[in-house]
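In what follows, a single structure is set out as structure tokens and then discussed.
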Amino acid sequence: MDSAADRLAAGTERRKRKRRRIDDTPLTDFVQPGSWIAEASGRIVRAALDAGHLELGPASDCNVRDNNRAARDAATAALLAASPPADGDSSPTPTGFRCPALHARLIQFRGQPVWLPAKARAQLGDVRDVGPYLSGSYDFILLDPPWQNKSAKRKRTYGTLRHDELLSVLPLGRLASPRGCLVAVWCTANPGHLQFVARQLLPSWGLTYLATWYWVKVTKHGEPVRPFDCPHKKPYEFVLFGGPSSASVPRDKVFVSVPSCVHSHKPPLSELVRPYLRDGAECMELFARYLVPGWTSVGNEVLKLQHDSFYEPTSHESLPS
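For the sequence shown, full-length UniProt numbering begins at 1 and goes up steadily by one.
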């Protein structure tokens, strides 16, 4: 992303290429084509503009050229400032956190101020190692796996998991509620990953593939962050659902938001899935990068975005006593 923005900012010219033919073929037989996703998200964007949730007018030429570098630089600086001191342990011993209160609490962890949301629970550690520390019976489990891709391999900026590792290390069988568990998996626009989730991963847990949802990323003006027909990267990601065949989940659902400038920071799905869960449902996220009120979050980055510096203070009158 940065390298592409640098080329744009420098005005690098490339030789003209022959106009390519747009291919609108769906990535798999169970997802919609880009044109369908574009049309559905366009209706949502128009409604959001009318309601004042997005800003009218196109993005500035400066923001287009530098790919919103100011926001990305600010995110990088904030994450560095919030990082705990290096202790030489790249795979920390699993550590548990819990906030039993009805309001958020500020704690100290490794010398850093960290917020725990109301009724939130967390297990900090590599998902491959925390299995023995996990317990409970969950009605909904969300996964955001660190998928292997060419960019991650080249940059080596974060660890990834192979398909066979995902099949072997996740203890969903003993965490799923006997009443029936709904599972959702974030997935990039990669046909191999999509097929793996629907045809292998979900069935390995005794689940039936149920639905695909689409997260479309837009600018604050409602424009897709890149063209829908871009051959390399798409302006959307997928959420694949599995569960009992009797579960009622919309087959194709589109939701739209302005993406975070923090890498791999997905929007919370808690409100979107609530209508399809029982009252008081127990929910868990694996490979989580932040905490959600009332949820159990697991991963080696669960506190990544909980640092006090990421939050704005409220008035004293609004703070719980």
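Heads up, the beta-carbon is just placed ideally off N, CA and C, and yes, glycines get one too.
Small disclaimer: the values here were computed from a predicted structure and weren't measured.
Cβ-Cβ distance between residue i and residue j below 7 Å
i: Arg251; j: Ala189; result: no
i: Trp186; j: Asp144; result: yes
i: Pro146; j: Gln123; result: no
i: Val249; j: Tyr276; result: yes
i: Phe255; j: Gly34; result: no
i: Leu182; j: Ala288; result: no
Residue nearest to residue i in terms of C-alpha spacing, selected from the options
i: Val262; options: His103, Ala77, Val45, Ala59; result: Ala77
i: Val216; options: Gly206, Ser137, Val197, Glu237; result: Glu237
i: Asp50; options: Ser177, Gly222, Leu172; result: Gly222
i: Met284; options: Val256, Thr314, Ala184, Leu79; result: Ala184
i: Ala198; options: Ala40, Tyr209, Trp205; result: Tyr209
i: Glu282; options: Gln306, Trp205, Ser177, Phe228; result: Ser177
i: Leu134; options: Leu175, Leu303, His53, Glu271; result: Leu175
i: Pro117; options: His163, Leu291, Leu172, Gly173; result: Leu291
i: Leu303; options: Pro113, Leu207, Thr25; result: Pro113
i: His163; options: Gly136, Arg179, Ser204, Phe109; result: Ser204
i: Asp23; options: Pro244, Lys234, Arg278; result: Lys234
i: Phe30; options: Pro244, Pro224, Leu240; result: Leu240
i: Leu207; options: Ser245, Ile141, Val225; result: Ser245
i: Ser137; options: Asp73, Asp279, Ser41, Arg179; result: Arg179
i: Arg274; options: Gln148, Ile141, Asn149; result: Ile141
Contact set for residue i: own chain, Cβ-Cβ below 7 Å, skip 5 residues either direction
i: Thr28; result: Pro191, Leu194, Gln195
i: Val258; result: Val218, Thr219, Lys220
i: Pro231; result: none
i: Val130; result: Pro94, Gln123, Val298
i: Ala104; result: Trp115, Leu116, Pro117, Ala118
Cβ neighbours of residue i in the same chain (closer than 6 Å, five flanking residues each side left out)
i: Arg128; result: Val169
i: Leu286; result: Val127, Leu143, Val298
i: Thr296; result: Arg121, Met284
i: Leu202; result: Tyr209, Gly242
i: Leu305; result: Tyr290
i: Ala40; result: Val254
i: Ser270; result: Val292
C-alpha gap between residue i and residue j, whole angstroms
i: Glu55; j: Ala48; result: 9 Å
i: Gln200; j: Ile37; result: 25 Å
i: His307; j: His265; result: 15 Å
i: Val45; j: Pro132; result: 44 Å
i: Glu301; j: Gly125; result: 8 Å
i: Pro313; j: Arg69; result: 26 Å
i: Ala59; j: Lys253; result: 27 Å
i: Pro171; j: Gly52; result: 43 Å
i: Leu272; j: Ile107; result: 29 Å
i: Ala71; j: Val225; result: 14 Å
i: Leu161; j: Pro268; result: 22 Å
i: Arg43; j: Asp73; result: 32 Å
i: Asp279; j: Phe109; result: 33 Å
i: Pro26; j: Ser260; result: 26 Å
Contacts around residue i, its chain only, beta-carbon distance under 8 Å, and the 5 residues preceding and following it disregarded
i: Lys119; result: Cys99, Pro100, Ala101, Leu102, Pro293, Gly294
i: Tyr311; result: Trp115
i: Leu167; result: Gln200, Leu201, Ser204
i: Gly173; result: Trp205, Gly206
i: Tyr96; result: In the sequence as presented, Tyr is not what sits at residue 96; that position holds Gly. Counting only Cβ-Cβ distances below 8 Å, and skipping sequence neighbours, we find Arg121, Ala122, Gln123, Leu124, Tyr133.
i: Gly159; result: Pro146
i: Gly57; result: His221
At which residue ranges does the region 231-278 contain complete alpha helix (DSSP H) runs of 4 or more residues, listed in the order of the chain? 270-273
What are the uninterrupted segments assigned as alpha helix (DSSP H) that are 4 or more residues long and contained completely in the region 182-221, given in chain order? 191-196
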